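As structure tokens, the structure follows; a few thoughts come after it.
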Amino acid sequence: MRCLAVPARNPGILNRMPPRVRAALAALVLLSSAGVASAQPATPIDYRISIPEPEHRWLQVEMTLADLPAGPLSLRMARSSPGRYAVHEFAKNVYDVQVADAAGKPLPVSRPNPHEWRIDAHPGAARVRYRVFGDRVDGTYLGVDDSHAHMNIPATLMYVNALATRPSRVTLVQPTGKAWKAATQLFPTADPLVFTAPNLQYLMDSPIEFGDIVIRSFSVAPTSASGKTQTIRVAMHHLGTDEELDAYVRDIDKVVREQQAIFGELPDFEPGHYTFLIDYLPWASGDGMEHRNSTVISSSRGLGDASKQLIGTVAHEFFHCWNVERIRPKSLEPFNFDDANISGELWLAEGFTSYVDGLSLVRAGLNSADQTMSRWAGLVGALVVLPGRQVRSAVEMSQFAAFADGATAIDPTNSNIAFISYYMYGAAIGLGLDLSLRARTDGRIGLDDYMQALWERFGKSPAAQPGLVATPYTLADLRATLADVSGDLGFAESFFSRYVSGREMLDYAPLFARAGYLLRPAAPAEATMGMVSLTYGKDGARVTALVGPGSPAYKAGLEMDAVIHDIDGRAIGSAEDVRAALGVRAPGGTVKVRFTLRGREQTRDLVTVPNPRLELVSFESAGREVTPAIRTFRERWLD
Ligand SMILES: [Zn+2]
354 MRCLAVPARN PGILNRMPPR VRAALAALVL LSSAGVASAQ PATPIDYRIS
404 IPEPEHRWLQ VEMTLADLPA GPLSLRMARS SPGRYAVHEF AKNVYDVQVA
454 DAAGKPLPVS RPNPHEWRID AHPGAARVRY RVFGDRVDGT YLGVDDSHAH
504 MNIPATLMYV NALATRPSRV TLVQPTGKAW KAATQLFPTA DPLVFTAPNL
554 QYLMDSPIEF GDIVIRSFSV APTSASGKTQ TIRVAMHHLG TDEELDAYVR
604 DIDKVVREQQ AIFGELPDFE PGHYTFLIDY LPWASGDGME HRNSTVISSS
654 RGLGDASKQL IGTVAHEFFH CWNVERIRPK SLEPFNFDDA NISGELWLAE
704 GFTSYVDGLS LVRAGLNSAD QTMSRWAGLV GALVVLPGRQ VRSAVEMSQF
754 AAFADGATAI DPTNSNIAFI SYYMYGAAIG LGLDLSLRAR TDGRIGLDDY
804 MQALWERFGK SPAAQPGLVA TPYTLADLRA TLADVSGDLG FAESFFSRYV
854 SGREMLDYAP LFARAGYLLR PAAPAEATMG MVSLTYGKDG ARVTALVGPG
904 SPAYKAGLEM DAVIHDIDGR AIGSAEDVRA ALGVRAPGGT VKVRFTLRGR
954 EQTRDLVTVP NPRLELVSFE SAGREVTPAI RTFRERWLD
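The sequence shown begins at 354 in my numbering and counts up by one.
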């Protein structure tokens, strides 16, 4: 049983977990080694969720606990949510908390910290009642209104770390006068409003959409002899028409099949189906959040005008059912609800997913190669321009996620100059790795083969229970797998040390040339000040963000809040004025900039540089020959 080896091989992660979670997970492993069925069955934790006044945006939770171990009972609200890497204080929306024994006698509750309700003395059972407010429809929070209860579980349900291995049962109460339906990756029962989860990790990973939803489903046959037919469900809450939904479900079907082709199979979805939980509502916030057997996708836009844009999130989230949900970094396994996990592998978990979402849309015929190439040119161009790469590697960008992924703070950070999103950075690395592997093999081996190898090694084998991952990977595992797929240890070591752990950037131009695309500066004759954000007003151009280190503007002493009055005596009131003033001389020329910064007026020399923006042009449009070798390379990559 391969899964049994995991916690022993993963002591570092367990040591970072709170002691109770650690003990509970160790207990789970012991249980699984003896066979779960032969162990004493634990009384499931029972949750009952009712929504007496949906229009007022709160719901009532009743939690019943039995067979409690001796010692204090610690009820907690999560500080993080699976797949969202920043800390969120979900306890802030919980109120009217009442704890009683089984007979209804109140038990004293203390608050040792903002996230915990502690009951020091209890008779082995407790009934907990509380209300929780929620007014945000996205992948992280709770949204309750007259049309639905959109529940992300960490934002909704209290949990007990000491009971992390216990199953739970969730009962939804139909609001008066409604005929809502429920969709979730929780395990179904004979009652359509009652669900179960085998353990805490799975429960917290299982959002519920309970509302005015329409459910469509389709099955996907296996493409290999060993595979099983899988069911995909689309639970849609929207204001559009059935025809729009049917057309959208056909597009989703194409994406699913295109991604299945990369791995040769779909994962085995434990509850019997994978579910897209989609809210396209004017009052929703744009988001996509992956889970093991489902995803939450939300947008304020609708299928009528935006289905072509919205399908990109579908492609992204579905690829996660392999990459991150099952091919999972050790740094995210198990997920810590008391604090934020830190992961150095999000450049692959999120970045490669971002690369493949675009690739699978081209292959499925849902996006043109030209559109995708211009997106990828933007990606590579951003890496050239953005200064963050000088101070952080892709691994360090990933580790910054806790401060970037939906995090809020009052004091400013310098992330516009010191951080590049691991989505963007990782997508550029994925693109570069795909082309590098193909360039070495005339297009025969690419990122598809690498992802498939990661799937075979780390994703495919089932864990002791749904909600856990048997063989999570490390950075060293990723490098070793690349060495095997490429057949070249030196290539793998150099790729990781230069572009993943190091701060170097791949040379993309020769790689794109193999596929018949020319990567070149878009406006090399245009003189610029480098990376500066400006807004224009009566007194000149105001610098609105930190200036890129090393840029001409930076060297000239310009910084956020400076107001540029004139350049070489020419008053600056618009972007056109800046272009005209800088354009008098070729790039490399010197201009005089007069500006005021924090109360002091000064005039400084500024040496311009060529506009660094890149463009990607097909050989056809550039008038270059497209050889048969180029044609084959392109087909193997994009078709
Ligand atoms: Zn993602």
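Every residue gets a Cβ at the ideal spot worked out from N, C-alpha and C, and that includes glycine.
Small disclaimer: the values here were computed from a predicted structure and weren't measured.
Hey, is residue i close to ligand 1, as in C-beta under 7 Å from one of its heavy atoms?
i: THR706; result: yes
i: HIS441; result: no
i: HIS669; result: yes
i: GLU562; result: no
i: GLU686; result: no
i: HIS673; result: yes
i: GLU988; result: no
i: GLU978; result: no
i: GLU643; result: yes
i: GLU408; result: no
i: GLU678; result: no
i: GLU703; result: yes
What does the alpha-carbon distance come out to for the pair residue i and residue j?
i: TYR627; j: GLU596; result: 22 Å
i: SER386; j: ARG519; result: Summary for SER386: the model assigns pLDDT 37, below 50, so the residue's position carries little reliability; its value from the coordinates is reported in the next sentence. Straight-line Cα distance between these residues: approximately 16 Å.
i: LYS607; j: ASN767; result: 41 Å
i: ASP921; j: VAL937; result: 10 Å
i: GLY783; j: GLU703; result: 10 Å
i: VAL677; j: VAL944; result: 50 Å
i: THR576; j: ASP621; result: 14 Å
i: VAL737; j: GLY903; result: 13 Å
i: THR961; j: MET882; result: 5 Å
i: TYR803; j: ARG797; result: 12 Å
i: LEU357; j: PRO825; result: Residue placement at LEU357 cannot be trusted, given a pLDDT of 27 that sits under 50; the coordinates are not used to answer.
i: THR509; j: MET416; result: 12 Å
i: ALA600; j: LYS534; result: 22 Å
i: THR897; j: PHE986; result: 44 Å
i: TRP808; j: ILE680; result: 6 Å
i: SER854; j: GLN451; result: 50 Å
i: PHE756; j: HIS441; result: 11 Å
i: ALA419; j: ALA395; result: 9 Å
i: VAL709; j: TRP729; result: 11 Å
i: ASN514; j: SER427; result: 8 Å
i: GLY785; j: GLY496; result: 40 Å
i: GLY734; j: ARG966; result: 6 Å
i: PRO476; j: GLU469; result: 20 Å
i: VAL979; j: ALA866; result: 10 Å
i: TRP583; j: ILE605; result: One detail in the question is off: residue 583 reads as Gln in this sequence, not Trp. Looking at the two C-alpha atoms, the distance is approximately 14 Å.
i: ASP544; j: THR594; result: 29 Å
Does DSSP classify residue i as helix, strand or coil?
i: ILE917; result: strand
i: LYS534; result: strand
i: GLU597; result: helix
i: LEU428; result: strand
i: ALA754; result: helix
i: GLU406; result: coil
i: ASP621; result: coil
i: TYR438; result: coil
i: GLY978; result: Reading off the sequence, residue 978 comes out as Glu, not Gly. GLU978 falls in the coil class under three-state DSSP.
i: ASN446; result: helix
i: ASN964; result: coil
i: TRP636; result: coil
i: LEU821; result: coil
i: LEU739; result: coil
How about residue i and residue j: do their beta carbons lie closer than 8 Å?
i: GLN818; j: PRO551; result: yes
i: VAL931; j: ALA906; result: no
i: VAL573; j: VAL609; result: yes
i: ASP499; j: PRO405; result: no
i: SER403; j: VAL485; result: no
i: THR549; j: ARG586; result: no
i: SER629; j: ILE650; result: Per the sequence shown, the amino acid found at residue 629 is Phe instead of Ser. Cβ distance < 8 Å, so PHE629 and ILE650 count as in contact.
i: GLY799; j: TRP990; result: yes
i: ILE561; j: ALA588; result: no
i: PRO507; j: PHE443; result: yes
i: TYR494; j: ASP449; result: no
Is there a Cβ from chain D that is less than 8 Å from the Cβ of residue i?
i: LEU835; result: The structure shown contains no chain D; it holds only a single protein chain.
Inside the region 511–555 only - alpha helix (DSSP H) runs reaching at least 4 residues | none
Length-filtered (4 minimum) alpha helix (DSSP H) runs lying within the region 654–711 | 656–672
Beta strand (DSSP E) runs wholly inside the region 855–938, at least 3 long, in chain order | 870–874, 887–890, 893–896, 916–920
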